[in-house]
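See structure below.
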Amino acid sequence: MAVGISRRSFGKLASGEEVEIVTLRAGDGLEASVLTYGATLQALKVPDRNGHFADILLGHDDLAGYVDHRSFFGATIGRYANRIAGGRFELDGESFEVEPNDGANALHGGEHGFDRHLWTIDAIGDGEVPFVILSRHSADGEGGFPGALDVHVTYRLRANALEIDLRAVNGDRPTVVNLTNHAYFNLCGALEPRDILSHDLRVAAERYLPIDSGSIPEGGPEPVAGTPFDFREMRAIGARIREAHPQILAGRGYDHNYCLDGRESADGRHLAARVEDRASGRAMELWTDQPGVQFYSGNFLNGTISGKNGRSYRMGDAFCLEPQLYPDTPNRPDFPSARLDAGATYRHRSAFQFSTI
64 MAVGISRRSF GKLASGEEVE IVTLRAGDGL EASVLTYGAT LQALKVPDRN GHFADILLGH
124 DDLAGYVDHR SFFGATIGRY ANRIAGGRFE LDGESFEVEP NDGANALHGG EHGFDRHLWT
184 IDAIGDGEVP FVILSRHSAD GEGGFPGALD VHVTYRLRAN ALEIDLRAVN GDRPTVVNLT
244 NHAYFNLCGA LEPRDILSHD LRVAAERYLP IDSGSIPEGG PEPVAGTPFD FREMRAIGAR
304 IREAHPQILA GRGYDHNYCL DGRESADGRH LAARVEDRAS GRAMELWTDQ PGVQFYSGNF
364 LNGTISGKNG RSYRMGDAFC LEPQLYPDTP NRPDFPSARL DAGATYRHRS AFQFSTI
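Count the sequence shown with my numbering and you get residues 64 to 420, in order.
What follows is the structure, encoded as C-alpha cells:
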C-alpha cells in the first residue's frame, strides 16, 4: 500500500456519533490503525524474519466488539491507569471517591474511563513520518477525579517503531494523572493459533511490586532475584508461570508492576523490556520515560470474547507491557508521584521498536 495516511468510518455509536479509523503507513511497510473511540490502537502490522507482514495485536474487526466487551484492547487508559485501592484517595487534605469497577477498587479510570469516550482528530500527517493526534476534554469531576484536563495522544511511525506520546494539561486545580496504552501483543501474529508462553522476555528491573488478593501493591518493591519474576535475562514467559509462587497465584500469572532501572537515552527514554518470538523471528523493544511497566500475561482471557476473524481469545494468547506510574500511587507517598498541579502539563513518551532475529 501507499505510504502515508488514510481515514474512513468504522461505524456509529448508539448516540449516532461516527467513529473513524485512521491508518498510518510508513516507508518500511510498518502499518498502524487507530480508532477515535478510546483513542484505540486497533491494528499494528510488522514483518517477520521472511518479510511477511502480520497484525500482532488482539482486538476486534468491528466497533461493536469494542463497545460491548470492555477488555481495553489497544485503548488509551486514563485518568488513572491501573488500580486505586478502594476507589479513594486524598489530595491536599480533601478526600475523593472515584468509580469502583474492580471489586472495591478503581481500575483504568473507573467505569467510564478514557477508553469509553469518543476522541477528536486534531491533526494528521502523511509525510515520511506519518502521525495522528487525537484529543478530548475531561471535565472537573469526571469519574470522581478533580481538575479539568485537556488530553492529547499522538501515534507516530518512525524507523521501524511506533511512538506513542501522551500529554495532559491541567487547567484549574490539582489532580492525579497516570496514562498508558493497553495493547495486547502476540508476536506470532494475532490470527495465528499460538500463545505467547514461548516468547522470550527481558525486563530492565531489579525489583517488582508484590500485590494482595485485590491486585493492590502491598508493602514496597521487592527483588526479583530468586523468584519467577526474574526476567533480567531472556527467559520464556511460560517458563515459571505454573509455579505455585504466592504472587503467581495472586495474579493468576503475571499481572505486576516492574520498577524500572534502565539508563536514559538521549531523548529521555530508557529500554524497559525486550520480547522475542523465535518462531516468527519478530522482536520488540519498549522504550519509555515512565518509572514502571505493568507486565500482564493475558490471565483473564477466558474464551468468552470473540476477536479478530472470529478467534476466541484465551489465557496466554497475548501479553501487555504497559508503561506507567506505579499502581495506587495516590495512596502511596513512597511511590513516584501522580500529582499534577493547576496549570502544569503531564507528559509520557514511549516507543515500541521492531526488528527480527
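Think of the CB as a built atom: it goes at the ideal place given N, C-alpha and C, for glycine as much as any other residue.
{"Query": "Meets three-Cβ-pair contact criterion under 8 Å: the stretch 237-245 and the stretch 308-322", "Result": "no"}
{"Query": "Cβ neighbour criterion (16 or more within 10 Å) applied to Ala186", "Result": "exposed"}
{"Query": "Within 9 Å, strictly: CB atoms of Ile300 and His262", "Result": "yes"}
{"Query": "Pro286 versus Asp391 - alpha carbon distance", "Result": "20 Å"}
{"Query": "Tyr247, DSSP secondary structure in three states", "Result": "coil"}
{"Query": "Beta-carbon proximity list for Val66, same chain, < 7 Å, skipping 5 on both sides", "Result": "Arg88, Ala89 and Gly90"}
{"Query": "Local conformation of Glu385 per DSSP, three classes", "Result": "strand"}
{"Query": "Paired residues, beta bridge with Trp350 - DSSP", "Result": "Leu334 and Ala414"}
{"Query": "Those runs of the beta strand (DSSP E) which lie wholly inside the stretch 89-139 and span at least 3 residues", "Result": "94-98, 103-110 and 116-118"}
{"Query": "C-alpha distance - Gly277 paired with Asp189, whole-angstrom precision", "Result": "45 Å"}
{"Query": "Proximity below 9 Å, CB of Leu272 to CB of Ala336", "Result": "no"}
{"Query": "Range of the contiguous alpha helix (DSSP H) that encloses Leu312", "Result": "Pro309 to Gly314"}
{"Query": "Exposure label - His123; buried when at least 16 CB within 10 Å", "Result": "buried"}
{"Query": "Cut-off 7 Å between Cβ atoms - residues of its own chain near Phe135, not counting five sequence neighbours on either side", "Result": "His171, Asp178 and His245"}
{"Query": "Assumed close pair Ala253, Leu120 - CB separation to whole angstroms, cut-off 8 Å", "Result": "6 Å"}
{"Query": "Through-space distance from Glu306 to Pro291, alpha-carbon basis", "Result": "8 Å"}
{"Query": "Proximity test, Cβ basis, 9 Å: Arg257 and chain C", "Result": "The structure shown contains no chain C, having only a single protein chain."}
{"Query": "Assigned secondary structure, Gly373 (DSSP; H/G/I helix, E/B strand, else coil)", "Result": "helix"}
{"Query": "Three-state secondary structure assigned by DSSP to Glu205", "Result": "helix"}
{"Query": "7 Å Cβ shell around Cys251 - same chain, five flanking residues per side excluded", "Result": "Arg257, Asp340, Ala342 and Ser343"}
{"Query": "Same chain, Cβ closer than 7 Å to Ala144, five either side skipped, listed in chain order", "Result": "His171, Asn241, Leu242, Thr243, Glu385 and Gln387"}
{"Query": "Cβ contact (3+ pairs, closer than 8 Å) linking the stretch 193-200 and the stretch 95-106", "Result": "yes"}
{"Query": "Residue environment, Gly206, which counts as buried when at least 16 other CB atoms sit within 10 Å", "Result": "buried"}
{"Query": "Beta-carbon contacts of Gln416 that lie in its chain and below 6 Å, excluding the five residues immediately before and after", "Result": "Ala224 and Glu348"}
{"Query": "Candidates Pro163, Glu153, Asp228 and Gly114: closest to Arg395 by CA position", "Result": "Glu153"}
{"Query": "Buried or exposed (CB count within 10 angstroms, at least 16 for buried), Thr408", "Result": "exposed"}
{"Query": "Beta-carbon proximity list for Asp404, same chain, < 6 Å, skipping 5 on both sides", "Result": "Pro237"}
{"Query": "Alpha carbon of Tyr389 to alpha carbon of Ile279, nearest angstrom", "Result": "10 Å"}
{"Query": "Alpha-carbon spacing of Thr217 relative to Leu229, whole angstroms", "Result": "7 Å"}
{"Query": "Straight-line gap, Arg332 to Glu226 (C-alpha atoms, nearest Å)", "Result": "11 Å"}
{"Query": "Residue interval of the beta strand (DSSP E) (run including Ser158)", "Result": "Glu157 to Glu160"}
{"Query": "Three-state secondary structure (DSSP) of Asp189", "Result": "coil"}
{"Query": "Cβ distance (whole Å) where Ile259 is taken to contact Phe382 below 8 Å", "Result": "5 Å"}
{"Query": "Other residues of its chain near Leu126: CB distance less than 7 Å, five sequence neighbours each side excluded", "Result": "Phe73, Gly74, Val82 and Tyr100"}
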